[in-house]
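Numbering (the numbering used here), first residue to last: 138 to 325.
Beta carbons: idealized from backbone N, C-alpha and C, even for Gly.
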């Protein structure tokens, strides 16, 4: 049921999704939805939490099992695949929430910002570990590289909404990954 709500909100956005849409998508009655979640906003929060846990948190857990540079490459590889296979151009529900709901709702802004900090922290852990083992450049501070990777990620997910073109998306990621390797092997 929660997955159905995720798909509904993800495809249509918060404002455009009505309780009637949620009833049709989940198969529950409006009364059941209200009894279970209280209101549409609370259901949206649960749906967003579910999306983050099933997608973003799971991806981070899987990638963290890899060596640092490979973890970052695998993370972006999955993002590219998801972006290119998104026939409906739904994009990322987290990015959609950042643009659709967070600007007008301090609680959602805080929730989205917390997830973005978790992603940045994942990148930071990978970069620090890669700098320690010599697989990632030390030409930039680890925090700066992690912030750059977060920006690249957000850019890809936004671009994929309107231009899900393989050369464009891969061309956005490639220089970021090259930057991580720059000078790591002793070359310039």
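Outcome for residue i when other beta-carbon atoms lying within 10 angstroms are tallied against a minimum of 16
i, result
"residue 206", "buried"
"residue 113", "The structure shown does not extend to residue 113, since the chain is modelled only from 138 to 325, so the question has no answer here."
"residue 159", "buried"
"residue 175", "exposed"
"residue 142", "buried"
"residue 162", "buried"
"residue 330", "The question about residue 330 has no answer, for the chain in this structure spans 138 to 325."
"residue 184", "buried"
"residue 283", "buried"
"residue 157", "exposed"
"residue 154", "buried"
Check: residue i C-beta below 7 Å from any heavy atom of the ligand ATP
i, result
"residue 207", "Inclusion of the ligand ATP in the displayed structure is not the case, the ligand content being empty and no account of it being possible."
Residue nearest to residue i in terms of C-alpha spacing, selected from the options
i, options, result
"residue 194", "253, 228 and 157", "253"
"residue 249", "314, 140 and 181", "181"
"residue 152", "242, 308, 306 and 251", "242"
"residue 286", "314, 307, 306 and 270", "314"
Neighbourhood of residue i by C-beta distance below 6 Å, restricted to the same chain and skipping five residues each side
i, result
"residue 298", "226 and 228"
Sequence-distant residues of the same chain with beta carbon closer than 7 Å to residue i, five excluded per side
i, result
"residue 200", "208, 211 and 212"
"residue 273", "205, 206, 264, 267, 317 and 321"
"residue 279", "261, 264, 265 and 268"
Supposed contact pair residue j and residue i - C-beta distance, whole angstroms, cut 8 Å
i, j, result
"residue 301", "residue 223", "6 Å"
"residue 220", "residue 275", "Not quite, the Cβ-Cβ distance comes to about 30 Å (not below 8 Å), so this is no contact."
Neighbourhood of residue i by C-beta, 8 Å cutoff - its chain only, sequence neighbours within 5 removed
i, result
"residue 325", "Because residue 325 sits at a pLDDT of 47, beneath the cut-off of 50, its placement in the model cannot be relied upon, and the following sentence gives the value as read from the coordinates. The residues are 319."
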